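Novice: Residue numbers (this note's numbering): 14 to 320.
A virtual CB, placed ideally from N, CA and C, is assigned to each residue, including glycine.
Here the structure is a predicted model, which means the values were calculated and not measured.
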């Protein structure tokens, strides 16, 4: 089986079979990452360009390592020191990159829909590494892989996503993916951070974190998206932490074998207490490891090398 298109733009458009294909392929690549020589020749001769218009450490490094583990040539472009600051449009920039025979363009952009825009005019495979508040598909895929490993599957597990739902592309992609695979998802956060009509995506809404955490299998905490918010969505950081920070006492409301996730970077003491983020239920570092395997799988499946 192959992915249906040349691009990975979002989880919303993907079938359950495609999601499972990526997860299964990622599981096989995890074996590669455990070898002494963590490199295979799968994408030798291919060129990957990381085009990140927003700051990123984890995602960009993960894609860069994934490409290098597959023996591809990887180039990072930083907009602040490129022609972009001179007024060049996204489409012109992307076309110029493709003219240098790039095979993949991995795009992070502050505008929702940016990866879709360039995918229509380029032959290269476009991978969405986060577009505004819209989607972040590879983050959701690595989260799904982590949950599957820890819980043995996705169907019928209870997942609570807590925090700034309105501005979180991670939340949207996870909601699409988890509900397609049969999980029961609930969201919680201040009313100003819960999008109107989100129940239509098949989730339950709780405004008190204590209600959302009761008897769940998975807790997924989100970073407050200060850079995307309007002012006045909550009184102060201290007030937010008082009402929504995941503390050891609140963890006790979940199931005894709960796992705790966070896409990073963590604001310690705001979204999650240090005791919890570094505690026995945390799988945050395992998410990072799984992110590398998932991105290797995506690059491989989109490369045309699949038999």
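Check for me: the beta strand (DSSP E) holding residue 1 runs from which residue to which?
Specialist: The displayed coordinates of the chain run from 14 to 320. Any statement about residue 1 would go beyond what the structure contains.
Novice: Determine, using beta carbons only, whether residue 64 and residue 110 come nearer to each other than 9 Å.
Specialist: In the chain shown, the residue the question calls residue 64 occupies position 51. In the chain shown, the residue the question calls residue 110 occupies position 97. Yes, they are a contact pair.
Novice: Indicate the three-state DSSP secondary structure (helix, strand or coil) for residue 26 in the structure shown.
Specialist: Looking up residue 26 in the chain shown gives position 13. Residue 26: coil per DSSP, three-state reduction.
Novice: On the criterion of 16 or more Cβ atoms from any shown chain inside 10 Å, does residue 14 qualify as buried, or is it exposed?
Specialist: Translated into positions along the chain shown, residue 14 becomes position 1. Burial call: exposed.
Novice: CB residue 20 to CB residue 141, shorter than 9 Å?
Specialist: Translated into positions along the chain shown, residue 20 becomes position 7. Translated into positions along the chain shown, residue 141 becomes position 128. Yes. Within cutoff.
Novice: Measuring alpha carbon to alpha carbon, tell me which of 168, 180 and 290 ends up nearest residue 196.
Specialist: Translated into positions along the chain shown, residue 196 becomes position 183. When only C-alpha atoms are compared, the closest one is 168.
Novice: Which residues does DSSP pair with residue 281 in a beta bridge?
Specialist: Here residue 281 refers to the residue found at position 268 when the chain shown is read from its first residue. DSSP lists 285 as partners of residue 281.
Novice: Short of 7 Å in beta carbon distance, which residues of its chain neighbour residue 242, apart from the five on each side in sequence? Order them along the chain.
Specialist: Residue mapping note: residue 242 aligns to position 229 of the chain shown, counting from 1. Annotation note: pLDDT 47 at residue 242 (below 50); position unreliable, no value reported.
Novice: Going by DSSP, what residue range makes up the beta strand (DSSP E) through residue 86?
Specialist: Taking the chain shown and counting its residues from 1, one reaches residue 86 at position 73. Here the beta strand (DSSP E) through residue 86 covers 86–90.
Novice: Between residue 24 and the rest of its own chain, which residues show a CB-CB distance below 6 Å, the 5 nearest in sequence each way excluded?
Specialist: Working through the chain shown from its first residue, we reach residue 24 at position 11. For residue 24, where only same-chain residues beyond five positions count, the Cβ hits under 6 Å are 150, 153, 186, 189 and 190.
Novice: In this structure, how does DSSP classify residue 143 when only helix, strand and coil are distinguished?
Specialist: Here the question's residue 143 lines up with position 130 in the chain shown. The answer is strand: DSSP assigns residue 143 an E or B state.
Novice: Return the first residue and the last residue of the alpha helix (DSSP H) that residue 309 is part of.
Specialist: On the chain shown, position 296 is the one that residue 309 refers to. Residue 309 -> alpha helix (DSSP H) spans 297–315.
Novice: Any chance you could list the alpha helix (DSSP H) runs of at least 4 consecutive residues sitting entirely within the stretch 157–231, in chain order?
Specialist: 182–193 and 222–226
Novice: So, helix, strand or coil for residue 14, using DSSP?
Specialist: Here the question's residue 14 lines up with position 1 in the chain shown. Residue state, collapsed to three classes: coil.
Novice: Residue 87 and residue 106 - do their beta-carbons sit closer together than 9 Å?
Specialist: Taking the chain shown and counting its residues from 1, the one referred to as residue 106 is at position 93. Taking the chain shown and counting its residues from 1, the one referred to as residue 87 is at position 74. Cβ atoms of residue 106 and residue 87: not closer than 9 Å.
Novice: Secondary structure at residue 121, three-state DSSP: helix, strand or coil?
Specialist: Numbered from its first residue, the chain shown carries residue 121 at position 108. Of the three classes helix, strand and coil, the one that applies to residue 121 here is strand, per DSSP.
Novice: Report yes or no: do the stretch 305–316 and the stretch 271–278 share at least 3 C-beta pairs separated by less than 8 Å?
Specialist: no
Novice: Just how far apart, CA to CA, sit residue 205 and residue 254?
Specialist: Within the chain shown, numbered from 1, the residue matching residue 205 stands at position 192. Within the chain shown, numbered from 1, the residue matching residue 254 stands at position 241. Each residue's Cα considered, the two are about 15 Å apart.
Novice: Is it buried or exposed, residue 228, if we count other Cβ atoms within 10 angstroms and call 16 or more buried?
Specialist: The residue labelled residue 228 in the question sits at position 215 within the chain shown. Classification for residue 228: exposed.
Novice: Could you have a look at residue 266 and say whether DSSP puts it in helix, strand or coil?
Specialist: Translated into positions along the chain shown, residue 266 becomes position 253. Here residue 266 sits in coil by DSSP.
Novice: Pull up the distance between the alpha-carbon of residue 18 and that of residue 137, whole angstroms please.
Specialist: Position 5 of the chain shown holds residue 18. Position 124 of the chain shown holds residue 137. So the two alpha carbons sit approximately 11 Å from each other.
Novice: To the nearest angstrom, report how far apart residue 198 and residue 139 are at their CA atoms.
Specialist: Indexing the chain shown from 1 puts residue 198 at position 185. Indexing the chain shown from 1 puts residue 139 at position 126. Cα to Cα, residue 198 sits roughly 29 Å from residue 139.
Novice: Distance, Cα to Cα, residue 256 vs residue 231?
Specialist: Counting from 1 along the chain shown, the entry for residue 256 is found at position 243. Counting from 1 along the chain shown, the entry for residue 231 is found at position 218. Spanning the two alpha carbons is a distance of roughly 19 Å.
Novice: Would you mind reading off the limits of the alpha helix (DSSP H) that contains residue 104?
Specialist: Numbered from 1 along the chain shown, position 91 holds the residue referred to as residue 104. Segment 103–112, the alpha helix (DSSP H) holding residue 104.
Novice: Counting along the chain, where does the beta strand (DSSP E) carrying residue 237 start and finish?
Specialist: On the chain shown, residue 237 is found 224 positions in, with the first residue counted as 1. No beta strand (DSSP E) contains residue 237, which DSSP labels as neither H nor E.
Novice: Using the Cα positions of residue 79 and residue 302, report the straight-line distance between them to the nearest angstrom.
Specialist: For the purposes of this step, residue 79 is taken as residue 66 along the chain shown, with counting starting at 1. For the purposes of this step, residue 302 is taken as residue 289 along the chain shown, with counting starting at 1. So the two alpha carbons sit approximately 11 Å from each other.
Novice: At the level of alpha carbons, what is the spacing between residue 123 and residue 183?
Specialist: Looking up residue 123 in the chain shown gives position 110. Looking up residue 183 in the chain shown gives position 170. Cα-Cα distance, rounded: 14 Å.
Novice: Does DSSP classify residue 273 as helix, strand or coil?
Specialist: Translated into the one-based positions of the chain shown, residue 273 becomes position 260. Residue 273: strand per DSSP, three-state reduction.
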